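Below is one structure, written out as structure tokens, with a few remarks after it.
Number of protein chains: 2
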Amino acid sequence: MIDPTALRAAVAEGFGRQTEWLAKLASFDSTRGNEAPCQDWLAGEFAARGWAVDRYTIDEVEIAGLTGYSPVVDADYSKAVQVVATHQVEAPVGRSLILMGHIDVVPVGATELWSQDPFRPEVRDGWMHGRGTGDMKAGVSAMVFALDALRRLGYVPGSRVHIETVSEEECTGNGALSTLARGYRADAAFIPESMGHQIIRAELGSVWFRLRILGRPGHVYAGVSTGSHAILAAMAYIEALKGLTAEINAEAVTHPYFGAIADPVKFNPGKIRGGDWLGSIPSWCELECRLSVLPGHSLADVRERVSEAVRRCAAALEAEMPALSWIGFQADGHVFAPGTEAEALLAGIHAELLGRELEPLSMTATSDTRFYDLYYGIPALCYGGNARGMHAPSEAVELASLQTTTEVIARFVARWCGLKAA
Amino acid sequence: MIDPTALRAAVAEGFGRQTEWLAKLASFDSTRGNEAPCQDWLAGEFAARGWAVDRYTIDEVEIAGLTGYSPVVDADYSKAVQVVATHQVEAPVGRSLILMGHIDVVPVGATELWSQDPFRPEVRDGWMHGRGTGDMKAGVSAMVFALDALRRLGYVPGSRVHIETVSEEECTGNGALSTLARGYRADAAFIPESMGHQIIRAELGSVWFRLRILGRPGHVYAGVSTGSHAILAAMAYIEALKGLTAEINAEAVTHPYFGAIADPVKFNPGKIRGGDWLGSIPSWCELECRLSVLPGHSLADVRERVSEAVRRCAAALEAEMPALSWIGFQADGHVFAPGTEAEALLAGIHAELLGRELEPLSMTATSDTRFYDLYYGIPALCYGGNARGMHAPSEAVELASLQTTTEVIARFVARWCGLKAA
């Protein structure tokens, strides 16, 4: 049994280096399509630690027919680099583990809203600010530096550990799926998303879809109906889908995991492109939307309800049904059943280190965690430290909390996998 | 005095060739930024007729400070080719004339809505279909082939004629302005837009503007107010501007030229771009709009009313005032006072050829005509034949009507400019 005080000191000793490493990791603009430089740097870091590195792109793996797969548009999977590093053990003394984090980040959006360069992380008042710091490059640093701390004490995990950095978490989850399709399995998976030291008990799924709305174009000098004006029609479809969302939220009040949250299901008309010329009635408008999916609601049902809401609105507008396509997340909501050995271990460590019980979280977003538990039967823990401003220009991660998370993971590895001399 | 029957025969004799020539002209995709190949072809056609050709680009002319100038965005004026061909006469026997047409066309929009290639004109049932046929390449063919018909009878105009093909009519009018700034003047201007054999008595102006709306972005898992969601906020600004439009239309009922038309003032939110990522609350949305301007309403007042409507909406949304910029047409509405000699001459010819009185039209769109009359004191006639589906995939021009228009122009030139032996 490793000495807790020594482990704490080892994590603390490495934390200056960890902070620099995180700043380097967060300096990569690893938005979709731009993962390679970030992943190649990580592959080098992993190889330098003596781990076997499998660097591949998603297009090298057959995933299209698999459960959990989401359709992909506007992306070239020959550029979607994934990295799985493996610490291999010949005679295991414990259980195997997947430590997994995503390195894709969401776009920065309107640059006027940033008070710093999104990809030049800045530490202020104990928080590191910058795109991707909280979601979730801090977590990636925690899993790497937890192993570094053990090594500093002369140990390596006593059974197999895969250290995985994926992309596509923010739009499909196909990066996580590709690791599983490629054969990486373990007795548990641990994903250190910045969850405020809570564990995800339940999470919403989501569907992404696009409406291509056609108008009946002409010169602007003539008056037109809403249904003939592709942009005004888009507004009507947004209203219709807000109505559907309210209907689903009314059903959600009795949900065992989301009933206590006001309006947990979110509808986001998050991207719009329409029209070419101000002197013409717009002939087209593409509206892209995201809608949450409650655990227990099937994706097929949700998609049918979306289709029906759009169909009814089109009829009311006396317009053609827009082309409706599913363009990203087709992610099930999921409840991670309590009572696994992995969770019990994490809960114990959390209580020891934070002095309070581990609280479960019903998260109104979607993470990669579902793949392990729901589709591959691998108990999966999503747990990490404090962050704020996820997807916002104010994104930041609390460094003290990150250090604690690193220590949690180090202890978890020591007890789950056992230890061997390095 | 030229023999009307001979002139009619000469126009008819050339009409097969004119139809082919129009089809060639309409085969150029002369949307904004792509004018050069079309204009270069025209310059060659004009030079072959013995006219002196001035081919220039708008950036060669100082227009920015001039009355009638509209701000330009998203265009490179070093590519905006204009052509002024001149038939010069040493000892004029009549009055000088500008024959002017625009060759810029509006974008085709959603290609699914076209049953033909927009730039491969097709003749069906006596109508030529294709982008730009009606608006207004047919008119350009009429002014050229009117002069050809005279030539076929052995005549040329007895005083100076400028044959001008401009661009930018569909967004600023800066092409027309550049010809005037470059010094081209005459005793009258004739613009053969497809006006259904009516003459424009009054036309609306228009203003084009862009709102750059910023949200308060974040992860979609949190609920947000409309004012924080740039795309939902854009919908609120659209509603506010619809309200302003209704207010202006309520005032328009007493307008001497537009009072008889229901809701003559049109608001078109014609182009929208917003958001980057469905998992993020959109941080930005750019909404581009066009609003008509009644004759008698000053541009400054209309702009102030737009600003105020946006300001009030922003306050109601508890959002920052969007950046508001004026990005195209800042075009005055105008009434072309009746009673000019040029109009009297046209009215007489129209009545002779069509057997009915020339009707004045209050047009709910904007043309280049205002530049001549309003800003440079040149009597200007906007008159041409039948077209339909302006700015729509159904755009077409009636060939019989075009032939009549060609004859009208030929007679007008003969009487306005006088004739000399070729």
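If you read the protein sequences in the order shown, they are chains P and V. If you want my numbering, it's the 1-based position in the first sequence plus 11. If you want my numbering, it's the 1-based position in the second sequence plus 11. Think of the CB as a built atom: it goes at the ideal place given N, C-alpha and C, for glycine as much as any other residue. Everything numeric in this text was worked out from a predicted model, so none of it was measured.
CA-to-CA, the gap between V/D70 and V/Y88 works out to about 5 angstroms. A distance below 8 angstroms separates the beta carbons of P/R142 and P/V119. P/G229 belongs to the set of residues whose beta carbon lies under 8 angstroms from a beta carbon in chain V.
When C-beta distances to chain P are compared with 9 angstroms, the residues of the stretch 279-313 of chain V below that value are N279, P280, G281, K282, I283, R284, G285, G286, D287, W288, L289, G290, S291, I292, P293, S294, W295, C296, L298, E299, C300, R301 and S303, in chain order. Uninterrupted alpha helix (DSSP H) stretches at least 4 residues long and entirely within the stretch 140-176 of chain P occur at 149-163, given in chain order.
At a cut-off of 8 angstroms between C-beta atoms, P/L124 counts as an interface residue with respect to chain V. Neighbours of P/A353 in chain V, taken as residues at a C-beta separation under 9 angstroms, are lacking, since the least C-beta distance is about 25 angstroms. A straight line joining the alpha-carbon of P/W62 with that of P/P306 spans about 37 angstroms. Note that the C-beta distance between V/G112 and V/V151 is below 8 angstroms.
V/R212 carries a strand assignment under DSSP once its states are collapsed to helix, strand and coil.
Taking 9 angstroms as the Cβ-Cβ cut-off, the stretch 371-403 of chain V approaches chain P at M374, T375, A376, T377, G400, M401, H402 and A403, given in chain order.
At a cut-off of 8 angstroms, the C-beta of P/Y232 has a neighbouring C-beta in chain V.
For V/V117, the chain P residues whose C-beta falls within less than 9 angstroms of its own C-beta are H230, D287, W288, G290 and S291, listed in chain order.
Check the Cα spacing between V/L289 and each of V/Y232, V/V218 and V/R66: the tightest is with V/Y232. Of V/I74, V/G27, V/G44 and V/E123, the smallest CA-CA separation from V/A86 is found for V/G44. The straight-line gap separating the alpha-carbon atoms of P/S294 and V/F130 is approximately 18 angstroms.
V/R60 carries a coil assignment under DSSP once its states are collapsed to helix, strand and coil. The beta carbon of V/F340 is closer than 8 angstroms to those of S81, C182, T183, G184, G216, S217, V218, W219, R301 and T377 in its chain, skipping five residues each way along the sequence. Within the stretch 163-185 of chain P, the residues whose Cβ lies closer than 8 angstroms to some Cβ of chain V are E181 and C182, listed in chain order.
Apart from the 5 residues on each side of it in sequence, V/G238 sits with its Cβ closer than 6 angstroms to the Cβ of A244, L328, E329 and A330 in its chain, given in chain order. If you check the CB distance, P/A153 and P/P203 come in under 8 angstroms.
With the criterion set as a beta carbon lying under 9 angstroms from some beta carbon of chain P, the stretch 150-164 of chain V has no members that meet it.
Taking a contact to require three or more Cβ pairs closer than 8 angstroms, the stretch 252-265 of chain V and the stretch 346-360 of chain V do not qualify as touching. With contacts defined by Cβ atoms closer than 8 angstroms, V/V104 and V/A192 do not form a contacting pair.
At a cut-off of 8 angstroms between beta carbons, V/M206 makes no contact with chain P. Interface residue (Cβ-Cβ distance to chain V less than 8 angstroms): P/L225 is classified as such. If you draw a 10 Å sphere on the C-beta of V/L365, you find fewer than 16 other C-beta atoms in it, and that means exposed. In the three-state reduction of the DSSP assignment, P/K431 falls in the strand class, which pools E and B. Beta-carbon to beta-carbon, P/V94 and P/V116 are separated by about 16 angstroms, too far to satisfy the 8 angstroms threshold.
Beta-bridge annotation (DSSP): V/A398 is paired with V/V408.
Closer than 8 angstroms to the CB of V/G145 there is not a single CB belonging to chain P. Setting aside the 5 residues that flank it on each side, V/R19 is surrounded in the same chain by E418, each with a C-beta closer than 8 angstroms to its C-beta; the list follows chain order. Under the three-state reduction of DSSP, V/W52 is assigned to helix. By the neighbour-count criterion, in which 16 or more other beta carbons inside 10 Å mark a residue as buried, V/S318 falls on the exposed side.
DSSP lists P/H173 and P/A200 as the beta-bridge partner residues of P/I109. Between P/D379 and P/E180, the CB-CB gap stays under 8 angstroms.
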